[in-house]
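Protein chains in written order, with my numbering: chain A, 43 to 307; chain B, 4 to 301; chain C, 3 to 320.
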Amino acid sequence: MTDAPILCVTGLCKSFGAVVAARDISVDVAAGEVVGIIGANGAGKTVFVNMITGYLKPSRGTITFAGTDITGIRPCDAAHIGVCRSFQTSQVFMTMSVLDNLLIATAIASKGRTSLLRPLRDDARITQCEAILNRYGIREYRDRVASTLSQGASKLLDIAMAGVSEPRVLLLDEPTSGVSVEEKYDIMDVVISASRRQGTAVLLIEHDMEIVERYADRVLAFDQGEKICDAPPRQVLADPRVRALIVGPDDADDSTARPRETTDA
Amino acid sequence: MQTIVAVLIDGLSYSSYLFIVSVGLTIIFGVMKILNVAHGSFYAWGAYAAAYFIGLFHGMGFPHWFGFVLIAVSAVAVGAIIGLAIERIILRKMYEHEEVHILLATFGVFLILEDVILLVFGVNPYFAYQPMALLGSVKIAGVTRDVYSLTLIGLAIVIALACWLCLARSKWGKILKVVIFDREIGLAMGINVNAVYVYTFVAGAMLGALGGAAIAPTLSVSPGIGIDVIVLSFAVVVIGGMGSIAGAIIGALMVGLLRATAVHFVPELELFVIFAVMAAVLMVRPEGLFAPARARRI
Amino acid sequence: MRSLTGDRTVRGVLIGFTLLAIAGFFLPAWIVNNVMFGLARGLAVLGLLVLLRTGLVSFGHALYFGLGAYSVALLEQLAGVTELVPRLAGAVVVAGGLGWILGFVLRRYRGIFFAMLSLAFSMALYGILVKTESLGSTDGFSVSPTVLFGWSPETRHVFLAMVAAVCAFAAIVVQVYLASALGHLTTAVRDNEIRVEYLGYPVARSIHTTYVLSAMLAGAAGGIMAMALGQVDPDSMVNWTVSGELVFITIMAGAGNVAAPFIGGVVFEFIRTYAFELAPHAWQLIVGATLLAIIFFLPNGLWSLIEKPWKKLEKRRD
Numbered sequence: 043m044t045d046a047p048i049l050c051v052t053g054l055c056k057s058f059g060a061v062v063a064a065r066d067i068s069v070d071v072a073a074g075e076v077v078g079i080i081g082a083n084g085a086g087k088t089v090f091v092n093m094i095t096g097y098l099k100p101s102r103g104t105i106t107f108a109g110t111d112i113t114g115i116r117p118c119d120a121a122h123i124g125v126c127r128s129f130q131t132s133q134v135f136m137t138m139s140v141l142d143n144l145l146i147a148t149a150i151a152s153k154g155r156t157s158l159l160r161p162l163r164d165d166a167r168i169t170q171c172e173a174i175l176n177r178y179g180i181r182e183y184r185d186r187v188a189s190t191l192s193q194g195a196s197k198l199l200d201i202a203m204a205g206v207s208e209p210r211v212l213l214l215d216e217p218t219s220g221v222s223v224e225e226k227y228d229i230m231d232v233v234i235s236a237s238r239r240q241g242t243a244v245l246l247i248e249h250d251m252e253i254v255e256r257y258a259d260r261v262l263a264f265d266q267g268e269k270i271c272d273a274p275p276r277q278v279l280a281d282p283r284v285r286a287l288i289v290g291p292d293d294a295d296d297s298t299a300r301p302r303e304t305t306d307a
Numbered sequence: 004m005q006t007i008v009a010v011l012i013d014g015l016s017y018s019s020y021l022f023i024v025s026v027g028l029t030i031i032f033g034v035m036k037i038l039n040v041a042h043g044s045f046y047a048w049g050a051y052a053a054a055y056f057i058g059l060f061h062g063m064g065f066p067h068w069f070g071f072v073l074i075a076v077s078a079v080a081v082g083a084i085i086g087l088a089i090e091r092i093i094l095r096k097m098y099e100h101e102e103v104h105i106l107l108a109t110f111g112v113f114l115i116l117e118d119v120i121l122l123v124f125g126v127n128p129y130f131a132y133q134p135m136a137l138l139g140s141v142k143i144a145g146v147t148r149d150v151y152s153l154t155l156i157g158l159a160i161v162i163a164l165a166c167w168l169c170l171a172r173s174k175w176g177k178i179l180k181v182v183i184f185d186r187e188i189g190l191a192m193g194i195n196v197n198a199v200y201v202y203t204f205v206a207g208a209m210l211g212a213l214g215g216a217a218i219a220p221t222l223s224v225s226p227g228i229g230i231d232v233i234v235l236s237f238a239v240v241v242i243g244g245m246g247s248i249a250g251a252i253i254g255a256l257m258v259g260l261l262r263a264t265a266v267h268f269v270p271e272l273e274l275f276v277i278f279a280v281m282a283a284v285l286m287v288r289p290e291g292l293f294a295p296a297r298a299r300r301i
Numbered sequence: 003m004r005s006l007t008g009d010r011t012v013r014g015v016l017i018g019f020t021l022l023a024i025a026g027f028f029l030p031a032w033i034v035n036n037v038m039f040g041l042a043r044g045l046a047v048l049g050l051l052v053l054l055r056t057g058l059v060s061f062g063h064a065l066y067f068g069l070g071a072y073s074v075a076l077l078e079q080l081a082g083v084t085e086l087v088p089r090l091a092g093a094v095v096v097a098g099g100l101g102w103i104l105g106f107v108l109r110r111y112r113g114i115f116f117a118m119l120s121l122a123f124s125m126a127l128y129g130i131l132v133k134t135e136s137l138g139s140t141d142g143f144s145v146s147p148t149v150l151f152g153w154s155p156e157t158r159h160v161f162l163a164m165v166a167a168v169c170a171f172a173a174i175v176v177q178v179y180l181a182s183a184l185g186h187l188t189t190a191v192r193d194n195e196i197r198v199e200y201l202g203y204p205v206a207r208s209i210h211t212t213y214v215l216s217a218m219l220a221g222a223a224g225g226i227m228a229m230a231l232g233q234v235d236p237d238s239m240v241n242w243t244v245s246g247e248l249v250f251i252t253i254m255a256g257a258g259n260v261a262a263p264f265i266g267g268v269v270f271e272f273i274r275t276y277a278f279e280l281a282p283h284a285w286q287l288i289v290g291a292t293l294l295a296i297i298f299f300l301p302n303g304l305w306s307l308i309e310k311p312w313k314k315l316e317k318r319r320d
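In C-alpha cells, the structure reads:
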C-alpha cells in the first residue's frame, strides 16, 4: 500500500457535553484497503463513521478525501463524491418493493443529468438492478415490499443500496449483525470482492472477530473514544489490552460460539 | 396616553377571552394529541346557548343578574352534552387512525355542528345584552369601557389558577402528566387512559363553550362566529406551545395585545399581524414559546 | 413519447377529459358549471396529492388557490387582461413564485408543524385581503368572462373544454413526474429521509421541488376558479375553510392516481349542490357527514372503489 491514502483523518475530536466520543483520532486509509474497526459498545465507532459521512460535525480535526477537505460536509454531498455507508439497523424505503429501493439508489447514483427525470422503472435501469439483486442473492425478493423482509434480507438490501454508486470509500456499520450465521460469510464475500474489484476502501465496524480477522487488512481498536491499536488483525487480536477490553480474555478463540453483542450506542 | 391605556385594556380583555377559549384546545391537544377543529363549534354553541337562554329567561321576568348563572350553566351543559357525544361516538373509534384523519374528522364534526346551530337557532342574530347592561361602564384614565369586558380578565385569571392548581397540586394532575408524557406508560401503570380522555375532552369542551358563553353578551351572536375563533385559538396555542397552559397564557397575551395595538394604529393589519407572529414563532421556535416536555422515542 | 402513450393512466386521462369536453356541449349549464368548479378544485387537490406522496399535509393550500384567483382578478383590474393564457400564466407564476420563496422555510418542517405553518401563511394573506380596501376587502372583485386569442365564446361549454384541456395537461405532467425517478423520490423521502440523504440526494431539494409544483397546481386551480365563478373574494378563496375542503377532497378522492382528484372534486361539487338544493340550511351538515362516512368506511378514498375491482379483473385475465 504505497499509494497516497484516499481518506485521511487527522486529530478528530467530538464531545457531547461532558461525554467524549472521539479523542484525537488519526487514521489514513489507502484505496482498496479493508480496515476493521472494533470496540466495545459505546467506544465511539459509530460516531466516527457519522463524522466521516457528515452526519455529525467534529469538534476538532479534519477529514480529507482524495486530497480535498470534506470535514463537516452534508451526508448527501459526501455520498455524491464517493463516501457511502450502510447502517447498523437497515435503512430502506419500507413501503416500496426491493427492486424500487435499488432503482432509486441507482437513479441517484447515476451521474447523467437527466437520470432523475427518466421514468424510474426504465428498462436499462431494471436490468442493472437485477444484476445487483443476483449478486447479493436477494433476487427472489425482487417484488416484495421492503417492510416484509427478514432482518437479514433487509440488511443485504441496505448494503446493496450503499454500494450501488461504486463509492471510493464504503463504511459498513455492523454488516453482519442480525444476519444468520450461514449468511454472514456470503454477504461479506459479496461486499468485499466487489470492493476489491473496484478498489473501494472499506471501513468495517464489526463485533464479530472472525469476520474481522478474515476480511480486514488492518484493524483499529477503539476504547472510550480513543484509538488504542492500529495494526494487522492477528497482532491486534493478540494485543493484551484489546483482549481485555474488547475480545474478552478467555474466549477470544471461539468467538462464534458465544452470543454476539448486537447493539451499539 | 389615552390610546395606550385603551390598547392595554382592550388587549387584556381580548387576551382573556382568547385564553378562555384556547386553554381547552391546548389541554385536549396536550393529553390526546388531537388538534380539534370542532373546538370552534363548542365556542359557537356556548355563545348561542347563553344568548338564547338569557333572552328567554329575561322575557319571563327573571332579573338581569340571573344571566351570569345562565352563562355558567350553558357552558357546562354544552361541554357535557356535545363534548361527551363527540368523544363517545366519533373520536373513541379513531384513536388508532392517522393524525390527518382525526383532524379531518373534527373538521367534519365542525361542519355538522355549524349547521345544527342554524337548524336549532335559525339564521337571525341573538342579543343578550342584559348582563352587560347590569354592570354598566367605567372610566379609567379617560377611557370608557364596559365593566363586563373587564370582568372577563378576572374570569381568565380564575380559570388559569384553577388549571394550575388542578395540574400541579392534585392527584388528577399527576395522572394527566403521565398520560401526556407517554400514553403507553400510563397504560402500563394501570391508568384508565380512556377515562382520562373522556374527562379531558369534556373539560376542554366546557372551557371552549365558556369562552363563547362569556363573550356572548358583548356581541351579536350570528351564524359563522366559530370560523374565525378556531384559527385564532390555533394561533394562540401554536405561539405558546401546543399542549402548554403557560403557553396558552403567553400566546393569548401576545395575540390580544398585538391585535389591540394594530386596531388602534394600523387597523388594516389587525388580522395579518396575528398570523405573521404565528409564522414567525413557528420559524424560530417550532415547538412554541413554552413547549412542554416530550417523551423521547428512540 | 412511446412510453407516454403506453402509460395506461395517461391514456385514461386523455380519453376521459376528451369525452368530458365533448359531453359538455350536450349538458345543461348548471351541470357544466358544477363540473368546472369541480375540475378547478380537483387541480388544487392534485397539488395536495403530490405533497401527500411525500408525507406532507398542508392546511394552508388556500394560500396558493387564493393567490391564483386574485392574480387573475388583479391582472384585469390593473392591466385589463382577460385572455386565458396570460391569466393562467399569471396565476401559476405568482403562486409558484411565492411557493418557491416560502419553500425555503417550509421544507424544514414535517407533520403538524408543516400543517400549522402553512395555515399561518395562508391566514396572513387572508388577513391582508379582508382588511385592504384596494384589494377588494371582504367583497373581492368581479372577473369578466375569459377571452381566447381574441375570441369570446358565447357559451360556457367552450370554457369547459378549455378547462378540461388544462386539467388533462396538468394530470399528465404530474403522472410523468410521479413515474420519474425524481417523482418516486417523494415517496422515498416519506419513507426514510436519512437513506435518501445518504444515497446522495438532498431531502430539502426534493421537498422544495414538490412543494413548488404543488403551489403552481393550486395557483392554476385558483385562476380557473376565478374565471369559472366570475368573481373572487377572501372567504370562498383564501379562508382556512377552503384549505380544509381541499384536504377533505384529497382524502375523499384517494392518493392512488392522478385522475382521482378530479373525480373527487366533481363529486364534492355535486354533493354540495345537491345538499344545498335539498336543505339550504343544512348543506354543511351533509358535507360533514359525508366526510365522516368516508373516513370511517372508505379510508383510502373513492379511488379504491375503482382500483379494487380493476385489479381483480386484471388478476382474472392473467
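We treat Cβ as the ideally placed atom computed from N, Cα and C, and that holds for glycine. The model shown is predicted, which means the values in this text are computed figures rather than measured ones.
Measure from the C-beta of residue i to each C-beta in chain A and report whether the shortest distance is under 9 Å.
| i | result |
| --- | --- |
| residue 205 (chain C) | yes |
| residue 196 (chain C) | yes |
| residue 235 (chain C) | no |
| residue 193 (chain C) | yes |
Note down, in chain order, each residue of its chain lying with its Cβ closer than 7 Å to the Cβ of residue i, except the 5 sequence neighbours on either side.
| i | result |
| --- | --- |
| residue 233 (chain C) | 142, 143, 144 and 145 |
| residue 2 (chain C) | Missing from the structure shown is residue 2 (chain C); chain C here goes from 3 to 320 and no further. |
| residue 189 (chain B) | 181, 182 and 196 |
When you compare each of the options to residue i by their alpha carbons, which one comes out closest?
| i | options | result |
| --- | --- | --- |
| residue 302 (chain C) | B:185, B:104, B:166 and B:178 | B:104 |
| residue 261 (chain C) | C:175, C:140 and C:113 | C:175 |
| residue 129 (chain C) | C:105, C:235, C:192 and C:160 | C:235 |
| residue 150 (chain A) | C:208, C:9, C:138 and C:121 | C:208 |
| residue 190 (chain C) | A:78, A:201 and A:188 | A:188 |
| residue 167 (chain B) | B:278, B:250 and B:280 | B:250 |
Starting from residue i, trace the alpha helix (DSSP H) in both directions and tell me its first and last residue.
| i | result |
| --- | --- |
| residue 237 (chain B) | 228–243 |
| residue 273 (chain B) | 273–287 |
| residue 80 (chain A) | Counting along the chain, residue 80 (chain A) falls outside any alpha helix (DSSP H), though it belongs to the beta strand (DSSP E) covering 76–81. |
Can you name the start and end residues of the beta strand (DSSP E) that residue i belongs to?
| i | result |
| --- | --- |
| residue 156 (chain A) | Neither: residue 156 (chain A) is in no beta strand (DSSP E) and is coded neither H nor E. |
| residue 215 (chain A) | 211–215 |
| residue 48 (chain C) | Looking at the DSSP string, residue 48 (chain C) is not in any beta strand (DSSP E); the run it does join, the alpha helix (DSSP H), is 31–55. |
| residue 102 (chain A) | 102–107 |
| residue 142 (chain B) | 140–143 |
| residue 57 (chain A) | 49–58 |
| residue 69 (chain A) | 61–71 |
At the 9 Å Cβ level, is residue i part of the contact set with chain C, yes or no?
| i | result |
| --- | --- |
| residue 81 (chain A) | no |
| residue 241 (chain B) | yes |
| residue 118 (chain A) | yes |
| residue 158 (chain B) | no |
| residue 233 (chain B) | yes |
| residue 138 (chain A) | yes |
Please confirm if residue i has its CB atom under 9 Å from at least one CB of chain B.
| i | result |
| --- | --- |
| residue 253 (chain C) | yes |
| residue 243 (chain C) | yes |
| residue 142 (chain C) | no |
| residue 47 (chain C) | no |
Report all residues from its chain with a CB closer than 6 Å to the CB of residue i; omit the five preceding and five following residues, and keep chain order.
| i | result |
| --- | --- |
| residue 284 (chain B) | 242 |
| residue 152 (chain C) | none |
Give every residue of the same chain whose Cβ lies closer than 8 Å to the Cβ of residue i, excluding the five residues on either side of it in the sequence, and list them in chain order.
| i | result |
| --- | --- |
| residue 193 (chain A) | 132, 220 and 221 |
| residue 97 (chain B) | 104, 105 and 108 |
Where the stretch 176–191 of chain C meets chain A: residues whose CB sits under 7 Å from a CB there: Residues of the stretch 176–191 of chain C that bring their beta carbon within less than 7 Å of a beta carbon in chain A comprise 181, 182, 183, 184, 186, 187, 189 and 190, in sequence order.
Chain-ordered residues of the stretch 161–180 of chain A with a beta carbon less than 9 Å from chain C: Cβ contacts with chain C come from 161, 162, 163, 164 and 167.
Contact residues within the stretch 89–106 of chain B, judged by C-beta distance below 9 Å to chain C: Within the stretch 89–106 of chain B, the residues whose Cβ lies closer than 9 Å to some Cβ of chain C are 93, 96, 97, 100, 101, 102, 103, 104, 105 and 106, listed in chain order.
Residues of the stretch 254–267 of chain C whose Cβ lies closer than 8 Å to any Cβ of chain B, in chain order: Closer than 8 Å at the C-beta level to chain B, one finds no residue of the stretch 254–267 of chain C.
Contact list for the stretch 105–118 of chain C against chain B, Cβ threshold 9 Å: Taking 9 Å as the Cβ-Cβ cut-off against chain B, the residues of the stretch 105–118 of chain C that qualify are 107, 110, 111, 113, 114, 115, 117 and 118.
Chain C contacts from the stretch 50–84 of chain A (Cβ-Cβ distance under 8 Å): Correct list: empty, as no residue qualifies.
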